[in-house]
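Below is one structure, written out as structure tokens; the observations come after it.
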Amino acid sequence: MSDQTKKENQKKKEANETIPYDEGFLGCLGIIIIFLQIGIIGYQFFHLA
Numbered sequence: 009m010s011d012q013t014k015k016e017n018q019k020k021k022e023a024n025e026t027i028p029y030d031e032g033f034l035g036c037l038g039i040i041i042i043f044l045q046i047g048i049i050g051y052q053f054f055h056l057a
């Protein structure tokens, strides 16, 4: 069990190292996507009302 966990943690570390983007960029992207979704939902709500 612990051996399997070590392997998974090692894979996660390798994956994190290969991603070129920093977390700040991903955070901004996530915020933009959330605002877009809110905008689309709001537009549909007012359009149907």
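The sequence shown begins at 9 in the working numbering and counts up by one.
C-beta atoms are modelled at their ideal positions from N, C-alpha and C, and glycine is treated no differently.
Sequence-distant residues of its chain with Cβ nearer than 8 Å to residue i (five each side left out)
i	result
Cys36	none
Other residues of its chain near residue i: CB distance less than 6 Å, five sequence neighbours each side excluded
i	result
Ile48	none
The ligand MN heavy atom lying under 8 Å from the CB of residue i
i	result
Ile41	Looking for the ligand MN in the displayed structure turns up nothing, as the structure carries no ligands at all.
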